[in-house]
DNA sequence: TCTGTCCCTTTGTCCGACAAAGCTAGAGCC
DNA sequence: GGCTCTAGCTTTGTCGGACAAAGGGACAGA
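See the structure below:
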């Protein structure tokens, strides 16, 4: 028979963790709003009654978590965690877990179709203007695989943004970040890849403008299937995401 | 005319960041494998030639990023970032960005449907056994909203796991974590909610076992629509995720 | 063989210090 | 009066050393 639980486990978190938790609580429950200053390290030393080294360790935790940042003058203030940084963390995790391109492809097919559906339904004129601008840039760099891959990545970010669904936006980002480097390789290796990519984007913008859901879904599928065919010319879908891709993700994160 | 780039920007990151980056690089590119020991703080002091305080700040960054952990004896070793922890970070971000339940619902509809499709296609006998076990537990606690909500959350994690797609698994988790507390509220408020929930789970397991994709999708949709109807009895879908839900997420993260 | 003890290592925390960079305010100049 | 420039104060990043608590390991004794 199990004995009645007389005692609760004691919370023996180290001090720096308690500092981080305390500040996090204040931010998450809204008492400290994004943009509000946190105070200097010395302030925190006085408030928490612990050493500055301890405070600094707590600050590192929060900084890495994206809850606080230092502005140009290195002063601390609360902030909204940024999607791209969070997504980079996730991408890194996916790489370490050695997910396959098949998993990436399947998940992206779902997420990008959902994005376009949302975009078709809710895109604003401003969204469309951004997409048009992106298309123009893409057309200008159709011969430059690296630039084109960058435009492609941005295009899909803009489509997700046009869906007005931030959950979707965040959910699709990690997989998209891992796609990005392969797009460059594919456009480099397949001659007609660049023009096909730009043409697909054009159809997608048209579909959004015409609020034509069918067309949007259809061209998203084709676009991704194009990627897949191109990828299978250089590697198997069952290959796991290589460590080398992290270089891209790391560079992106620092930006 | 742009001048030829004679110099590259100098990297002026603080030392603790460089320490963290250096260790991260070794882990990400595979030279340090998950499970490998990192060495003591003193070792790192010797290797990097910086003060222990600096090393410790770097360690905090990596620890928060989920790349290294301390085992029972507090020794450092590399590890695979855990999905639940990453997802908690994302959930926290979604709360701070004040996403609406409508966004959550729409994204989840997409992600859960994709999960069930994958599960129908690829679930193993072991996956099914886990789902069966979960169903038994759910039936036992159908009168206890808190326990039932927990079972429901676990059920959907198991379905995603059965899809064998880790990208999907990770993508759906943040939204799912935010659903969890509302499920309890709904089951509490709506009398027939518990039995309907369990019935839906039963149909979903049947669909997976029979490899009946149509039924799987249908019952996933119904299951989520049930949630939606229940939710709309207590609040508007356009309400943003409340700060109070973070308490759940925080508790989950510590586990 | 098991157990209890002692010692060494490691971590978490503290104290004090200092150089570099930012910010502030007053001096000096037009 | 308004502007610029400099000196001083503040803050951060880093360093060196210190110590208590906890864990691990070796070693002696039952």
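Protein chains in written order, with our numbering: chain U, 2 to 256; chain X, 2 to 256. Positions of the beta carbon are idealized from the N, C-alpha and C atoms, including for glycine.
May I ask you to list the residues that DSSP assigns as paired with residue i?
| i | result |
| --- | --- |
| residue 101 of chain U | U:241 |
| residue 77 of chain U | U:71 |
| residue 146 of chain U | Its beta-bridge partners do not exist; DSSP assigns none. |
| residue 175 of chain U | Beta-bridge pairing links residue 175 of chain U to no other residue. |
| residue 38 of chain X | X:78 |
Going along chain X, which residues have a C-beta under 8 Å from residue i?
| i | result |
| --- | --- |
| residue 166 of chain U | 104, 107, 108 |
| residue 76 of chain U | Here the premise fails: no neighbours, minimum Cβ distance about 15 Å. |
| residue 175 of chain U | 168, 171, 172 |
Cutting at 8 Å between CB atoms, please list the residues of its own chain near residue i, excluding the five before and the five after it.
| i | result |
| --- | --- |
| residue 242 of chain U | 95, 96, 99, 100, 101, 102, 105, 179 |
| residue 217 of chain X | 117, 118, 120, 121, 205, 208, 209 |
| residue 5 of chain U | Because the pLDDT at residue 5 of chain U is just 48, under 50, the model does not fix this residue reliably, and the point stays unresolved. |
| residue 229 of chain U | 106, 238 |
| residue 157 of chain X | 113, 116, 173, 177 |
| residue 7 of chain U | Note that residue 7 of chain U has pLDDT 48, beneath the 50 cutoff, so the model's placement of it is unreliable and the number below is only indicative. Excluding positions up to five away in sequence, the list is empty. |
Mind listing the chain U neighbours of residue i? Cutoff is C-beta to C-beta under 7 Å, in chain order.
| i | result |
| --- | --- |
| residue 57 of chain X | 58 |
| residue 65 of chain X | 62, 65, 66 |
| residue 184 of chain X | Per Cβ cutoff of 7 Å: no residues; residue 184 of chain X is ~17 Å from chain U at best. |
Who are the neighbours of residue i on chain X, taking C-beta pairs under 7 Å?
| i | result |
| --- | --- |
| residue 54 of chain U | 54 |
For residue i versus residue j, is the C-beta spacing smaller than 9 Å?
| i | j | result |
| --- | --- | --- |
| residue 36 of chain X | residue 90 of chain U | no |
| residue 107 of chain U | residue 169 of chain X | yes |
| residue 149 of chain X | residue 184 of chain X | yes |
| residue 70 of chain X | residue 41 of chain X | no |
| residue 25 of chain X | residue 62 of chain U | no |
| residue 45 of chain U | residue 60 of chain U | yes |
| residue 195 of chain X | residue 227 of chain X | no |
| residue 54 of chain U | residue 54 of chain X | yes |
Keeping to the same chain, check which residues put their C-beta closer than 6 Å to that of residue i; ignore five residues upstream and five downstream.
| i | result |
| --- | --- |
| residue 58 of chain X | 17 |
| residue 109 of chain X | 176 |
| residue 28 of chain X | 68, 79 |
| residue 81 of chain U | 35 |
Could you pull out every residue in the same chain whose Cβ sits closer than 7 Å to the Cβ of residue i, ignoring the five residues on either side in sequence?
| i | result |
| --- | --- |
| residue 239 of chain X | 101, 103 |
| residue 1 of chain U | Residue 1 of chain U falls outside the range modelled here, since chain U spans only 2 to 256, and no answer is possible. |
| residue 256 of chain X | Residue placement at residue 256 of chain X is flagged as unreliable, the pLDDT there being 44, under the threshold of 50; a coordinate-derived value is accordingly withheld. |
| residue 203 of chain X | 136 |
| residue 138 of chain X | 152 |
Just the chain U side, please: which residues come within less than 9 Å of residue i by C-beta, in chain order?
| i | result |
| --- | --- |
| residue 82 of chain X | 90, 91, 93, 94, 97, 98 |
| residue 87 of chain X | 87, 90, 91, 94 |
| residue 45 of chain X | In chain order: nothing, as chain U lies at least about 15 Å away. |
Find the residues of chain X that neighbour residue i, judging by a C-beta separation of less than 9 Å, and give them in chain order.
| i | result |
| --- | --- |
| residue 137 of chain U | Chain X residues near residue 137 of chain U: none, gap ~22 Å exceeds 9 Å. |
| residue 199 of chain U | Under the 9 Å cutoff, chain X gives no residues; its nearest Cβ is about 26 Å from residue 199 of chain U. |
| residue 221 of chain U | Near residue 221 of chain U there are no residues of chain X at all, since even the closest Cβ is about 13 Å away, more than 9 Å. |
Mind listing the chain U neighbours of residue i? Cutoff is C-beta to C-beta under 8 Å, in chain order.
| i | result |
| --- | --- |
| residue 41 of chain X | Residues of chain U passing the Cβ test: none, with the nearest at roughly 17 Å. |
With three or more C-beta pairs closer than 8 Å as the rule, is the segment 118-131 of chain X touching the segment 173-191 of chain X?
Counting Cβ pairs under 8 Å, fewer than three are found: no touch.
If we count Cβ pairs, one from each stretch, closer than 8 Å, do we get three or more for the segment 107-123 of chain X versus the segment 216-223 of chain X?
Touching, yes, given that three or more Cβ pairs across the two stretches are closer than 8 Å.
Inter-stretch contact at 8 Å, needing at least 3 Cβ pairs: the segment 140-148 of chain U / the segment 84-91 of chain U:
Using a C-beta cut-off of 8 Å, the segment 140-148 of chain U makes no contact with the segment 84-91 of chain U, since fewer than three inter-stretch Cβ pairs fall below that distance.
Quick check: the segment 18-28 of chain U against the segment 37-54 of chain U, are there 3 or more CB pairs under 8 Å?
A contact exists between the segment 18-28 of chain U and the segment 37-54 of chain U.
Counting Cβ pairs, one atom from each stretch, are 3 or more of them under 8 Å apart for the segment 158-166 of chain U and the segment 192-201 of chain U?
The segment 158-166 of chain U, when compared against the segment 192-201 of chain U, does not touch it at the 8 Å Cβ threshold.
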